[in-house]
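Read the structure below first, then the notes.
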Amino acid sequence: MKAAAHMRIRLTWAGGCGIALALASGAYAQGGWRDVYSCGASKGQSFFLNGQGWQDDGISSGVIVLKRRGDDFDIRVADASGSSFSAREDGASVIGRAQDGVIQVLVVYPSMTIETFLFSKPDKGRSVLAWTASKQVYGLADRASVFVSSCITR
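Mapping of the sequence shown onto the numbering used here: position 64 corresponds to residue 64, and the numbering continues sequentially without gaps.
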């Protein structure tokens, strides 16, 4: 696992399918990684600990891609600006399990962010992603979030 050269605090999430093809390049192409799902816009809610409580939240553009190499998983995220990163490349520990067509992935970043991803069993080339994020952003936007996104199989 390659650690990131710097720690990054991510305040936004990615979630539209327009950038999916760009994520298939680079080290993944040579490393045996394959795309499993490409997921688009995410809708959900976040509970902010700074007193704002529950707020509608979501990501209207960008993409989340589930990558797999044997029993290893990774989550690759791109935002509307074209910037992308891999959870593993960002220094996160990534643990995944697959059973009966359902895939669960736990991502723990060194920057006080924990994410869970639950991909439903595919039906006619489509899947649903339900994912959560719990993050500390140094008192500014500490929150717990839950999102849902539509995915296509790759």
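All C-beta atoms in this analysis are idealised placements derived from N, C-alpha and C, irrespective of residue type, glycine included.
Asked, Found
"How about V165 and F119: are their beta carbons less than 9 Å apart?", "As shown, the chain starts at 1 and ends at 154. That puts residue 165 outside it, with no answer to give."
"Might you give, ordered along the chain, the residues of its own chain that have their beta carbon closer than 6 Å to the beta carbon of A144, omitting 5 neighbours on each side?", "F47 and S134"
"Please report how far the alpha carbon of L49 lies from the alpha carbon of M112, in whole angstroms.", "15 Å"
"Please say whether V108 and G44 have beta carbons closer to each other than 9 Å?", "no"
"Given C39, which residues of its chain have a CB within under 6 Å of its CB, disregarding the five upstream and five downstream residues?", "I64, L129, S149 and C151"
"Any idea if R34 is buried or exposed, counting beta-carbon neighbours within 10 angstroms, 16 or more meaning buried?", "exposed"
"Using DSSP bridges, identify the partner residues of K67.", "D35 and D74"
"Would you identify the three-state DSSP class for D57, choosing helix, strand or coil?", "strand"
"Applying the 10 Å Cβ sphere with the 16-neighbour rule, what's the burial state of K121?", "exposed"
"Give the secondary structure of K225 by DSSP, where H, G and I count as helix, E and B as strand, and everything else as coil.", "The structure shown does not extend to residue 225, since the chain is modelled only from 1 to 154, so the question has no answer here."
"Does the Cβ of G62 have 16 or more other Cβ atoms within 10 Å, making it buried, or fewer, making it exposed?", "buried"
"In its own chain, which residues sit with a C-beta less than 6 Å from the C-beta of R97, not counting the 5 before and 5 after it?", "Q104"
"Residues bridged to Q99 by DSSP?", "V102"
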